[in-house]
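Chemist: Below you'll find the structure I mean.
The structure is reproduced here in structure tokens:
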């Protein structure tokens with residue numbers, strides 16, 4: 001597995017910890033955008049697949065996540081998080097001038113990546129969304145209707161059919177295991193609306209991967225958002241029985257193969 005290097009960057013809300021997984025002679029740059037409550041260190045296997053495919057891979061712990069500064073899981077404005085991801089993208093572009101850039105966003109990272117593509121048209125060569133929080137996601141509205149947010153952490157069993165994935169998640173000290181926070185839920189609602197109204201991404205090739213047993217971000221709600229976001233070059237792969245983290249699922253080899261085949265099609269030869 002490729003050894004990652006850590007970098008400290010200045011973000012909109014303080015220090016950010018970023019990771020770079022180098023490739024010997026990369027042919028493209030891949031930017032990984034992680035989900036809610038987790039951190040970029042959980043993407044070592046994804047990064048290894050991509051570096052073997054020819055990518056120089058970069059990712060960052062969002063503010064309030066992982067090793068980055070900020071109150072845990074507090075995101076008051078996702079536009080700031082998109083700006084932080086752009087800071088990492090610019091660093092990657094400076095290190096690899098002229099290479100095409102693809103972005104891979106999971107769950108909340110799919111929302112961030114979608115907004116990034118809207119804010120930076122022409123900046124990406126391809127976009128991959130995994131179980132993305134786009135479209136009609138009812139959880140924030142349901143929780144905000146309550147007087148008090150329940151202290152109910154994400155169930156590790158909802159992530160993957162592989163019990164080792166849930167066990168590692170539950171034991172990970174960099175993962176948030178507490179309740180969601182009201183300002184973050186409010187920011188989710190605003191940004192879902194912003195992305196819905198932000199227009200499509202034109203001819204940007206888009207790959208959507210999703211488990212059909214995803215109970216955290218149900219597939220039908222995401223479909224609404226993905227189809228609205230796509231400008232026409234949409235590839236979808238729905239995996240029967242798979243849960244929320246398809247990159248950590250029991251059929252992840254199939255998922256990785258679908259991602260690399262997609263990139264082979266859309267990247268410049």
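Numbering (UniProt numbering), first residue to last: 1 to 269. For glycine and all other residues, C-beta sits at the position ideal for the given N, C-alpha and C.
Per the contact definition of three or more C-beta pairs closer than 8 Å, is the stretch 252 to 266 in contact with the stretch 44 to 54?
Modeler: They touch, by the three-pair rule.
Chemist: For residue 235, which beta-bridge partners are listed by DSSP?
Modeler: Here residue 235 is taken as the residue at index 235 of the chain shown, counted from 1. In the DSSP output, where bridge partners are listed per residue, residue 235 has 207.
Chemist: If you check the beta carbons only, do residue 86 and residue 120 fall under 8 Å apart?
Modeler: If you number the chain shown from 1, residue 86 lands on position 86. If you number the chain shown from 1, residue 120 lands on position 120. Yes. Within cutoff.
Chemist: Note down, in chain order, each residue of its chain lying with its Cβ closer than 8 Å to the Cβ of residue 111, except the 5 sequence neighbours on either side.
Modeler: Here residue 111 corresponds to residue number 111 of the chain shown, with the count starting at 1. Excluding residues within five positions, the ones whose Cβ falls inside 8 Å are 78, 105, 132, 133, 134, 188, 191, 192, 195.
Chemist: Taking residue 92 as part of the alpha helix (DSSP H), name the residues at either end of that continuous run.
Modeler: Indexing the chain shown from 1 puts residue 92 at position 92. Counting along the chain, the alpha helix (DSSP H) containing residue 92 begins and ends at 78 to 95.
Chemist: Taking only the alpha-carbon atoms, compute the straight-line gap between residue 168 and residue 83 and give it to the nearest angstrom.
Modeler: The residue you call residue 168 lines up with position 168 of the chain shown. The residue you call residue 83 lines up with position 83 of the chain shown. Going from the Cα of residue 168 to the Cα of residue 83 covers about 30 Å.
Chemist: Pick out whichever of 54, 58, 41 has its Cα sitting closest to the Cα of residue 65.
Modeler: If you number the chain shown from 1, residue 65 lands on position 65. Residue 41 is the option with its Cα nearest to residue 65.
Chemist: Go through its chain and collect everything with a Cβ distance to residue 250's Cβ below 6 Å, but skip five positions before and after it.
Modeler: In the chain shown, the residue the question calls residue 250 occupies position 250. Correct list, in chain order: 161, 162.
Chemist: Kindly identify the DSSP beta-bridge partner or partners of residue 104.
Modeler: Position 104 of the chain shown, counted from the first residue, corresponds to residue 104. Residue 104 pairs with 32, 128.
Chemist: Which residues in the same chain as residue 219 place their Cβ atom closer than 6 Å to its Cβ, once the five residues preceding and following it in sequence are excluded?
Modeler: The residue given as residue 219 occupies position 219 in the chain shown. Same-chain partners within the cutoff: 210, 212.
Chemist: At which residues does the beta strand (DSSP E) containing residue 167 begin and terminate?
Modeler: Position 167 of the chain shown, counted from the first residue, corresponds to residue 167. Run containing residue 167: none in the beta strand (DSSP E); it sits in the alpha helix (DSSP H), 163 to 171.
Chemist: Residue 9 by DSSP, collapsed to three states: which one?
Modeler: In the chain shown, counting from the first residue as 1, residue 9 sits at position 9. Under the three-state reduction of DSSP, residue 9 is assigned to strand.
Chemist: Could you name the residues of the same chain whose beta carbon sits closer than 8 Å to that of residue 282, not counting the 5 residues immediately before and after it, in chain order?
Modeler: Outside the displayed range of the chain (1 to 269) lies residue 282, so it cannot be described from this structure.
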